Amino acid sequence: MTPAPSDHPPVPASRVGVLLLNLGTPDAPDAPAVRRYLAQFLSDPRVVEIPALLWKPILHGVILRTRPRKSAHAYRQVWTDEGSPLAAITARQAAALGQQLGQQVSVDWAMRYGNPSVASALERLTEAGARRILVAPLYPQYCAATTASAMDAAFAAVASKRWQPAIRTLPPYHDDPAYIGALKRDLEGQLAALDFTPDRLLLSFHGMPMRTLKQGDPYHCHCQKTARLLAEAMEREVDIGFQSRFGRARWLEPATDAMLRAYPGQGVKKIAIAAPGFAADCLETLEELGIRGRDEFLAAGGTHFARLDCLNNGDAGMAMLEALIRRELAGWWPAP
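Sequential numbering from -14 applies to the sequence shown in the working numbering.
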């Protein structure tokens, strides 16, 4: 092999990269940090499909003046010594996946909104020699506001590069047997550990405006199929709800909070609630469901409430993630 010239810049050995992507989080549980985060999040036209001329005065004149303080209070209730739960868990998922895949694969993680950014993570991977990168949005159910937005950010980050890496993307896995099996194993273990038997298992997915369904977004159908397959696998009935409504538009129904308030009047006094659409616990699961949801259910007359953890970096979830990633890397990286 002909040696490189003495003045040739160093070039790292070519390798495969994997980038795990999740939604995002503020850098701190205070109003200024939440304001920066919300400004980025709510300025994304994939998230708010309202013409900018109409939306920007509302966003900057009303929402960013009032919502950050309220959201910061919610974040403070779930913040940990490691920082944001979502960021900490995603970092642990990336570290565990790196251990599972071995030294031939570089694994990094990023947030679509906030830090670490998608662009910075892709830069780290390419600087480490990754010329083939699998971008893996951790959204089991496809939604333009989440999956497509994450891919927009990844493609934009490499658009200006002279030497672009080859890019693959992880497809939605809402009905993948590995995903359904991981949920079954994990949720059944958590249910067995409870000190009561729930009358009902409620599966809560993040809500989306109803217009996204009418415009062709498959998210609602993906959520329904996940719930059906999981119910069949667990051999039990489940309910489905949609949380995190925002604004005055009609959102996907039924609403999780309305279901929690109605259950006791229907004789459902003991419930367990899970959020299978979230790959990692975050504000929406820990505070919205685990704190506010619990309070609403108990105030309405419920007696027993259990919020079940997401797959996070547990054994079942990591085995599933490894299986999905290994499959999508076929041809780039042979399994040992």
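Built from N, CA and C at the ideal position, the CB exists for glycine as well.
No experiment lies behind these values; they were computed from the predicted model shown.
Bridge-paired residues (DSSP) for residue i
i: L331; result: This structure leaves residue 331 out entirely; the chain is present only between -14 and 321.
i: A240; result: F227
i: G68; result: T65
i: L4; result: D93, V120
i: H289; result: K255
i: S102; result: M96
Rounded Cβ spacing between residue i and residue j (contact assumed at less than 8 Å)
i: A95; j: A80; result: About 14 Å separates the two Cβ atoms, so there is no contact after all.
i: W317; j: Q89; result: At roughly 10 Å, the Cβ-Cβ gap does not stay under 8 Å, so W317 and Q89 are not in contact.
i: L274; j: Q228; result: 7 Å
i: A13; j: G114; result: 33 Å between Cβ atoms; not a contact.
i: G262; j: H191; result: 6 Å
i: M305; j: L82; result: Their Cβ separation, rounded to whole angstroms, is 11 Å, which puts M305 and L82 out of contact at 8 Å.
i: A121; j: I165; result: Going by Cβ atoms, the distance from A121 to I165 rounds to 18 Å, so no, they are not a contact pair.
Coil, strand or helix - residue i by DSSP
i: M193; result: coil
i: P321; result: Here the model assigns P321 a pLDDT of 47, short of 50, so the residue's position is not dependable and the matter cannot be decided.
i: Y124; result: coil
i: Y158; result: coil
i: L38; result: helix
i: A115; result: strand
i: L233; result: As written in the sequence, residue 233 is Arg, which differs from the Leu given in the question. R233 falls in the coil class under three-state DSSP.
i: L314; result: coil
i: T10; result: strand
i: V253; result: coil
i: V33; result: coil
i: R77; result: helix
i: A304; result: helix
i: A151; result: strand
i: S28; result: coil
i: P203; result: coil
i: L168; result: helix
Within 8 Å, strictly: CB atoms of residue i and residue j
i: D294; j: Q175; result: yes
i: L23; j: V103; result: no
i: R153; j: L119; result: yes
i: A151; j: R116; result: yes
i: A301; j: A167; result: yes
i: L155; j: M244; result: no
i: D160; j: L214; result: yes
i: S189; j: T131; result: no
i: R185; j: I256; result: yes
i: T197; j: A138; result: no
i: L314; j: Y60; result: no
i: V63; j: P53; result: no
i: P322; j: T211; result: Nothing can be reported for residue 322: it is not among the residues displayed for the chain, which extend from -14 to 321.
i: A76; j: V19; result: no
i: H207; j: P157; result: yes
Through-space distance from residue j to residue i, alpha-carbon basis
i: I74; j: A265; result: 6 Å
i: P203; j: L309; result: 21 Å
i: I43; j: P194; result: 18 Å
i: E34; j: K199; result: 13 Å
i: V253; j: L49; result: 39 Å
i: E281; j: Y248; result: 10 Å
i: W148; j: G68; result: 35 Å
i: P321; j: Q84; result: No answer about P321 holds up, because its pLDDT of 47 lies below 50 and its placement is not dependable.
i: T182; j: V223; result: 14 Å
i: L271; j: S134; result: 24 Å
i: T65; j: H289; result: 26 Å
i: A373; j: R292; result: The structure shown does not extend to residue 373, since the chain spans only -14 to 321, so no value can be given for it.
i: G286; j: D171; result: 28 Å
i: F140; j: R246; result: 43 Å
i: L283; j: Q251; result: 14 Å
i: P11; j: F231; result: 18 Å
i: P239; j: G226; result: 5 Å
i: L179; j: G201; result: 40 Å
i: K41; j: V3; result: 35 Å
i: R326; j: K146; result: The chain is shown only over -14 to 321; residue 326 falls outside these bounds and no answer can be derived.
i: T111; j: A144; result: 14 Å
i: Q25; j: R311; result: 33 Å
i: E220; j: A177; result: 14 Å
i: K169; j: N298; result: 16 Å
i: V92; j: A72; result: 15 Å
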